[in-house]
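Residue numbers (the numbering used here): 244 to 704.
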Ligand code: BGC
């Protein structure tokens, strides 16, 4: 008995260790997208950048991420998830080092492009890897570790920016990203490939070993044969991705990417100090500190989400979070518009943003990445996930690029109400079309999709 349970414990430790290392890719995603908010102030001065120059340095990362996510679906299916993450971590290291020593805008932009590429690849390969090694009852929490690491990365970058801003140390701000990148390279060298990818390459023995290690006490030959059955179909190709029976899953992935971004999250992540200044906080320092507070709430509530996802399920959390997002955005808009509240706008802004970020962190934040790691059949998973990821980065770029213009055209209240209305539409969309994947094996989810019952049928799982 003792032998059994000691073994079980050791194996659970093994799966947690695997997950934490792989989720470092998420930390890099968060750090490298967040760090620019503070660094840009000094980079702008150092290189005497025009506003176009600033926009280039900031947004080239998003452009790289679109390209990275678009080109590497096939890479993860071809060379495997593990090797793809190793290459990505090397790109992160080179990009971070390069940007920290760059002495011309051209080199800096090239390095930021490289980092963007790495973020794009990492943003779907890490959840893909995690979903394929995790046992079903832990999958929601483990895949969402990636989102937790993203939020920790964003928070860390805010703190680093804050700490180093006194001495204009923008080189260190970029350079510190090397540390998690090198740990990721070293860690991944020792991590196994996912059983599902190994089986797709006919490496049954190796796959069985890993399945047994991460599913102690479970008859993994059953899992093995289930995976083999789902894989016995044709090798995945782009044509296969667009088969009519897969359409509900594709639409759900792309629409959740759309909603995750058009409900305004990155206007807060990238522009929180600006929003605080709109609300009447005069000191930049206080605004940056308040932003760090928002970053911390984001981390803490993602911890709560990781804990709840496999208990409450995905859909209840989506509803709770989206209601909170819609309500806080509605209130924020009202505060900006109503003259009667003008004295209180500052504090209403802080309170609304805290409720907003907390609600995002327990819902659309982790659940988008989780659902797209769960709903696609194995033989097209890499490509289909990369499509949803590309959509996410494209919508991200669109919102980031238009936020200040939206404020000009719709006004502050109108802009936040627009994001609020999108949150309400997302509630209706989730209720009808998003499947509940809690506790199911990936093969069960695939079997449900195959029944070919259309969008409503898929959402009824
Ligand atoms: C989103 C990012 C966002 C982050 C904030 C992620 O799920 O994809 O765009 O910056 O959450 O925590």
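Cβ coordinates follow ideal geometry from the N, Cα and C atoms, glycine included.
So, for residue i: in the same chain, excluding its five sequence neighbours on each side, which residues have a beta-carbon less than 6 angstroms away from its beta-carbon?
i: residue 484; result: 623, 626 and 627
i: residue 458; result: 378
i: residue 450; result: 438, 441 and 442
i: residue 258; result: 457
i: residue 592; result: 522
i: residue 595; result: 571, 574 and 575
i: residue 356; result: 303 and 307
i: residue 391; result: 545 and 549
i: residue 420; result: 274, 275 and 339
i: residue 608; result: 390
i: residue 287; result: 297
i: residue 662; result: 506, 507 and 572
i: residue 400; result: 274, 277 and 278
i: residue 685; result: none
Hey, is residue i close to the ligand BGC, as in C-beta under 8 angstroms from one of its heavy atoms?
i: residue 213; result: An answer regarding residue 213 cannot be provided, because it is not within the stretch 244 to 704 covered by the chain.
i: residue 273; result: yes
i: residue 512; result: yes
i: residue 531; result: no
i: residue 609; result: yes
i: residue 394; result: yes
i: residue 276; result: yes
i: residue 508; result: yes
i: residue 550; result: no
i: residue 639; result: yes
i: residue 366; result: yes
i: residue 519; result: no
i: residue 369; result: no
i: residue 604; result: yes
i: residue 458; result: no
i: residue 660; result: no
i: residue 486; result: no
i: residue 580; result: no
i: residue 612; result: yes
i: residue 695; result: no
i: residue 635; result: yes
i: residue 541; result: yes
Who are the Cβ neighbours of residue i in its own chain at under 8 angstroms, not counting the five residues just before and after it?
i: residue 638; result: 500, 501, 503, 504 and 505
i: residue 668; result: 502
i: residue 428; result: 329, 332, 333 and 336
i: residue 709; result: Residue 709 is absent from the model: the chain starts at 244 and stops at 704.
i: residue 654; result: 579 and 580
i: residue 563; result: 602, 605 and 606
i: residue 496; result: 614, 615, 618, 619, 627, 628, 630, 631 and 634
i: residue 694; result: 700
Excluding sequence positions up to five away, which residues of its chain have a Cβ less than 7 angstroms from the Cβ of residue i?
i: residue 416; result: 278, 281, 282, 403, 404 and 407
i: residue 702; result: 675, 676, 677 and 678
i: residue 568; result: 506, 599, 602, 603 and 666
i: residue 305; result: 359, 636, 639, 640 and 643
i: residue 380; result: 553 and 682
I think residue i touches residue j, with their Cβ atoms under 8 angstroms apart; what is that distance to the nearest whole Å?
i: residue 617; j: residue 374; result: 6 angstroms
i: residue 383; j: residue 552; result: 4 angstroms
i: residue 434; j: residue 557; result: Going by Cβ atoms, the distance from residue 434 to residue 557 rounds to 26 angstroms, so no, they are not a contact pair.
i: residue 413; j: residue 274; result: No, residue 413 and residue 274 are not in contact; Cβ-Cβ is about 14 angstroms, not under 8 angstroms.
i: residue 705; j: residue 300; result: Any question about residue 705 goes unanswered here, given that the chain covers just 244 to 704.
i: residue 547; j: residue 388; result: Their Cβ separation, rounded to whole angstroms, is 13 angstroms, which puts residue 547 and residue 388 out of contact at 8 angstroms.
i: residue 311; j: residue 359; result: 7 angstroms
Report the start-end ranges of each alpha helix (DSSP H) in the stretch 446 to 519 that is 4 residues or longer and not cut off at the edges.
447 to 457, 463 to 474, 481 to 484 and 490 to 505
Does the stretch 535 to 550 touch the stretch 597 to 607, meaning 3 or more C-beta pairs lie closer than 8 angstroms?
yes
Cβ pair count under 8 angstroms reaching 3, the stretch 263 to 270 against the stretch 364 to 373:
yes
Curious, which full-length alpha helix (DSSP H) runs of at least 4 residues does the stretch 331 to 416 contain?
348 to 376 and 382 to 407
Whether or not the stretch 679 to 694 and the stretch 611 to 622 are in contact is what I'm after, with contact meaning three or more pairs of Cβ atoms, one per stretch, closer than 8 angstroms; do they touch?
yes
As an exercise, report each continuous alpha helix (DSSP H) stretch of at least 4 residues that is fully enclosed by the stretch 584 to 646, in chain order.
588 to 604 and 607 to 617
Using 8 angstroms as the threshold, is the stretch 505 to 519 in touch with the stretch 640 to 660, meaning 3 or more CB pairs across them?
yes
Taking only runs of the alpha helix (DSSP H) that begin and end inside the stretch 244 to 325, which ones reach a length of at least 4 residues, in chain order?
245 to 277, 279 to 289, 294 to 314 and 316 to 322
Counting only runs that start and end within the stretch 669 to 701, where is the alpha helix (DSSP H) found for 4 or more residues in a row?
685 to 693
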